[in-house]
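Chemist:
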Amino acid sequence: MIQDRGDDHDDRDAQHRLCGPCGRGRRRGCGGRPASARLPCPPRVRRVSDAAAARQAALDLLPDGAEVFTASSVTADAIGLIQEIDSSGRYTATRPKLMAMDPATQMSEMRRLGAAPQWVVGSVHALTHDGDLIIASASGSQLASMAYGAQNVLLIIGAQKIVPDLGTAMRRVHEYSLPLEDARARSAYGMGSTVHKVLTLHGDIEDGRVRVVLVDEPLGF
28 MIQDRGDDHD DRDAQHRLCG PCGRGRRRGC GGRPASARLP CPPRVRRVSD AAAARQAALD
88 LLPDGAEVFT ASSVTADAIG LIQEIDSSGR YTATRPKLMA MDPATQMSEM RRLGAAPQWV
148 VGSVHALTHD GDLIIASASG SQLASMAYGA QNVLLIIGAQ KIVPDLGTAM RRVHEYSLPL
208 EDARARSAYG MGSTVHKVLT LHGDIEDGRV RVVLVDEPLG F
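One rule links them: number in the numbering used here = place in the sequence shown (from 1) + 27.
Below is the structure:
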């Protein structure tokens, strides 16, 4: 099993790649070129020291009244972000609406509602030194919004998730994250978990669409 690395892990390579050169302030391709050029824009990154600072940094980015879908995330839950978004009344929260719907009769509507929110908030399972973001899922319910549908993507990432490369990232997903998620799912839902779908974000064609709060302490798995 891959062992997580704590605060002493050197994340400078990954942070540099995430913060690489990109045109700012325009919903255009990276470097200010037209989006049709398909040049990848790296996420905008804010690095913070701890969980409390991560929560505040995330809330600072979310406008009051925004439509926000909280993807299942131990990291976002651990810092109190999911509860604040879904229960405070400050936002138009998508998850409570989804939880009130019947999958047997409303699945198509549920898929549409979760696929294209104004904001999606969650985390990743690994971040490589090249800046690739890896998100694994059983159902894939959060992947459509992160890959394309959401206008804005906000990811909270503990520094222990930084790994050298994609191969190590996939081993982390299957050998470290999945057993912990399986145990959590069995406790919470009475059924285990698996990995059916994996999304890798190398970048985006829209500058500023993807934002990362990188936390200098272990959070989530």
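Cβ coordinates follow ideal geometry from the N, Cα and C atoms, glycine included.
Report the residue from V222, M126 and R199 whose alpha carbon sits nearest the alpha carbon of A153.
Modeler: Nearest C-alpha to A153: R199.
Chemist: Given 8 Å as the limit, is there contact between the segment 113 to 121 and the segment 187 to 196, that is, 3 or more CB pairs closer than that?
Modeler: No, the segment 113 to 121 is not in contact with the segment 187 to 196.
Chemist: Give me the Cα-Cα distance between A78 and P245, rounded to the nearest whole angstrom.
Modeler: The alpha-carbon atoms of A78 and P245 are separated by roughly 9 Å.
Chemist: Taking the alpha carbon of L228 as the point to measure from, which residue in T221, V242, D157 and Y203 has its own alpha carbon closest?
Modeler: The option with the nearest alpha carbon to L228 is D157.
Chemist: Short of 6 Å in beta carbon distance, which residues of its chain neighbour A196, apart from the five on each side in sequence? Order them along the chain.
Modeler: Excluding residues within five positions, the ones whose Cβ falls inside 6 Å are A153, T155, I161 and V190.
Chemist: Say yes only if the C-beta of N179 is nearer than 8 Å to one or more non-hydrogen atoms of the ligand COA, and no if none qualify.
Modeler: The ligand COA is not part of the structure shown, which contains no ligands of any sort.
Chemist: Just list the alpha helix (DSSP H) runs in the segment 74 to 122, keeping only unbroken ones of 4 residues or longer that don't cross its boundaries, in chain order.
Modeler: The qualifying runs are 78 to 88, 101 to 105 and 108 to 114.
Chemist: Given this structure, state the Cα-to-Cα distance separating M126 from D159, to the nearest angstrom.
Modeler: Approximately 31 Å between the Cα atoms of the pair.
Chemist: In the structure shown, what three-state DSSP assignment does R60 receive?
Modeler: For R60, the pLDDT reaches just 49, beneath the cut-off of 50, and the residue's location in the model is therefore unreliable, although a value from the coordinates is still provided. Residue state, collapsed to three classes: coil.
Chemist: Could you give the DSSP three-state label for T195: helix, strand or coil?
Modeler: Here T195 sits in helix by DSSP.
Chemist: Name the DSSP bridge partner or partners of S164?
Modeler: Looking at the DSSP assignment, S164 forms a beta bridge with K224.
Chemist: Put R211 into one of helix, strand or coil per three-state DSSP.
Modeler: R211: helix per DSSP, three-state reduction.
Chemist: Closest by CA to A81, which one among L193, R236, V148 and H223?
Modeler: For A81, the nearest C-alpha among the options comes from V148.
Chemist: Counting C-beta neighbours from all protein chains within 10 Å, is the total for R26 16 or more, i.e. buried, or is it exposed?
Modeler: This structure cannot speak to residue 26, because the chain is shown only from 28 to 248.
Chemist: Can S150 and S214 be called in contact, C-beta distance under 9 Å?
Modeler: Result no, Cβ atoms of S150 and S214 do not sit closer than 9 Å.
Chemist: Alpha carbon to alpha carbon, how far is S164 from A174?
Modeler: Taking the straight line joining both Cα atoms gives about 13 Å.
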